[in-house]
Amino acid sequence: MKTALILTALCLVPWMGSQAQSLVPLRGRVNVQADTARQDRVIDGCWVAVGTNKAHAIQRDYTRLFGGKPSYRFELKREDNTLSGYAKGETKGRAEFSYCYATHEDFKDLPPRTFSQAKRMKTVYHYGKGSCPQGSRMSYTFSFYAPGDLDRHVSTIFAQWHGMPSRTLVSDPSGKVMRLSTEEFLELEERMIFKKNIAHDKMMKINAQGDTVYRAGKANGWLVEQGGYPPLAFGFSQGYFYIKANSDRRWLSDKTDRCNASPAKAEVMQPVTSRYKASTIAYKMPFEDFPKDCWITFHVDIDWTVYGKEQETILKPGRLDVVMSYPADGKIVSRHIVDSETILIGRNDEEGYYFKFGIYRVGNSTVPVCYNLAGYEEHARE
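Following our numbering, the numbering of the sequence shown begins with 88 at its first residue and continues without gaps.
Have a look at this one:
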């Protein structure tokens, strides 16, 4: 797996001169887990888009510049939720950029079966660019523009760091957790259909056109690693801007454990915990106090927590430092909103983490949301 350990990337949109259109839709989408990105779907050399493909969802914005160059505009309307939510009957909406993805070039020197296996296992992006290993020390910078008319009732994550689940980690119907080889996992996948983390018997039928198709039968007791809440998220919810860090030290994640700090209820730096998980509001600010109609730049330093794999222990806690800078009254205000706090942040996976930004509308919210992002950088720290 390639990582971003030595990588420094500045993702500013290249200036393209005068444009007849002030907003240019970016329509191509990539399933980074299950497919490679064609070159025409790679945006400005460092992003691929995920989520709804509507013209308004992701656009290059020549009306709102960052550093003299067009920014990225993200928008979800009331009817744009396309994903099922965490709870039954809930929905989520997504229009994001992923910094981590693989291309055909990443597989060209590998055995031919490597890509087909990765596609079935949903680990294609493990072979690409843009991830960092568990326990690494990283610096990130990005800029965010909230318009003055942004609804205070929005429930959205505008920047998040994701884990990369170890898909060959499974548990059998007796509850025994094991790490399978690639061949063992694919043999399991031949017989089952996975819906999120739950395995179902694979049922064969012949459709009206005479084709053989498969559907999911009853759940059979097998579970597969699928991940969980993002280890770090910046967003708005319950009338607050918040920064939330999540940690899961369990080797195979328990998706029924919904340990998740509430921005409205949780105290800052007071973790909400279960047996294996911790969820911490590292910072929060009332929505009304959050600066609007200006570019806000976040500088984020993370020491990712080191976990003990099968022992399900914490070997070394993490650290989080966040500085928020923006113009006010003709000068730049710089606020140290998370001051090098020791914190549990990450997942007990062998693989690492990657960055996304855009709109991830959660909590069954359908409140329209629109804002801009730009200026992403990341690099490893000594």
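We put the CB at the ideal spot given by N, CA and C, even for glycine.
In DSSP terms, what residue i is bridged to
i    : result
W382 : Y232
N333 : S366
P40  : Outside the displayed range of the chain (88 to 469) lies residue 40, so it cannot be described from this structure.
S226 : D388 and H466
A306 : H287
Y212 : DSSP lists no partner for Y212.
I419 : P414
T429 : R406
T360 : A365
G322 : I244 and Y329
F281 : A286
P373 : Y327
L256 : R266
G445 : E183
G250 : Y440
S218 : Y441
Y301 : M291
R434 : D335
V311 : V257
C457 : E162
I401 : Y394
C-alpha gap between residue i and residue j, whole angstroms
i    : j    : result
Q146 : D388 : 29 angstroms
A246 : D341 : 24 angstroms
Q204 : W134 : 24 angstroms
A91  : G297 : Here A91 scores only 42 on pLDDT, less than 50, and its place in the model should not be relied on; the value that follows carries that caveat. Rounded to whole angstroms, A91 to G297 spans 47 angstroms at the Cα level.
N459 : R165 : 18 angstroms
L338 : A369 : Before going further, note that residue 338 is Trp rather than Leu in the sequence given. Each residue's Cα considered, the two are about 25 angstroms apart.
I401 : T299 : 48 angstroms
P373 : P199 : 53 angstroms
V355 : F281 : 37 angstroms
E276 : D288 : 10 angstroms
M103 : A461 : Low per-residue confidence applies at M103: pLDDT is 48, beneath 50, and the placement is therefore not dependable enough to give any value.
K382 : P358 : The sequence shown places Trp at residue 382, not Lys. Straight-line Cα distance between these residues: approximately 30 angstroms.
R266 : R422 : 44 angstroms
L197 : H191 : 11 angstroms
L163 : T139 : 9 angstroms
G132 : K443 : 15 angstroms
R278 : T384 : 49 angstroms
Y441 : S226 : 12 angstroms
R224 : Y214 : 21 angstroms
S230 : R239 : 20 angstroms
K403 : R302 : 44 angstroms
F161 : N284 : 29 angstroms
F377 : A467 : 29 angstroms
R117 : I130 : Per the sequence shown, the amino acid found at residue 117 is Val instead of Arg. Their backbone Cα atoms lie some 11 angstroms apart in a straight line.
A365 : N347 : 8 angstroms
C457 : K371 : 21 angstroms
K418 : L113 : 34 angstroms
R254 : Q108 : 43 angstroms
T367 : Y316 : 12 angstroms
Y413 : V420 : 5 angstroms
Q106 : Y327 : Residue confidence is low: Q106 scores 49 on pLDDT, short of 50, so the model does not pin down where it sits. No coordinate-derived value is stated.
H386 : D193 : 30 angstroms
K141 : A353 : 36 angstroms
S158 : V111 : 11 angstroms
G115 : A144 : 11 angstroms
T471 : R128 : Given a span of 88 to 469 for the chain in the structure shown, any question on residue 471 remains unanswerable.
S185 : G262 : 34 angstroms
G250 : Q126 : 25 angstroms
Integer Cβ distance of residue i from residue j, believed to fall under 8 angstroms
i    : j    : result
L273 : R207 : 6 angstroms
S334 : T392 : 6 angstroms
I432 : G405 : 4 angstroms
Y212 : C187 : 5 angstroms
A320 : L407 : Actually they are not in contact, since the Cβ atoms of A320 and L407 sit about 12 angstroms apart, beyond 8 angstroms.
V454 : V264 : 40 angstroms between Cβ atoms; not a contact.
N451 : E183 : The Cβ separation is near 19 angstroms, so there is no contact.
R345 : E399 : R345 to E399, Cβ: 19 angstroms. No contact.
N168 : K156 : Rounded, the Cβ-Cβ distance is 31 angstroms, inconsistent with contact.
I330 : V410 : Contact doesn't hold; Cβ gap of about 12 angstroms is too wide.
P252 : G314 : 4 angstroms
G322 : I244 : 4 angstroms
T228 : E464 : 4 angstroms
Q325 : A351 : 4 angstroms
Review point. Looking at C-beta atoms only, is the number of pairs between the region 282-302 and the region 264-271 that lie closer than 8 angstroms three or more?
Key: Output reads no: the region 264-271 does not touch the region 282-302.
Review point. Any chance the region 421-441 sits against the region 233-247, with 3 or more Cβ pairs inside 8 angstroms?
Key: By the Cβ criterion, the region 421-441 is not in contact with the region 233-247, since fewer than three pairs of Cβ atoms, one from each stretch, lie closer than 8 angstroms.
Review point. Between the region 213-221 and the region 412-426, do three or more beta carbon pairs fall short of 8 angstroms?
Key: Short answer: they don't touch.
Practice item. Go through the region 124-200 residue by residue and report every complete run of the beta strand (DSSP E) that reaches 3 residues or more, in order. Key: 135-138, 145-153, 156-163 and 178-185
Check your understanding: Are the region 303-319 and the region 257-268 touching, with three or more C-beta to C-beta distances below 8 angstroms?
Key -> Here the region 303-319 makes contact with the region 257-268; the two share three or more CB pairs at distances below 8 angstroms.
Check your understanding: Given 8 angstroms as the limit, is there contact between the region 160-175 and the region 118-136, that is, 3 or more CB pairs closer than that?
Key -> no
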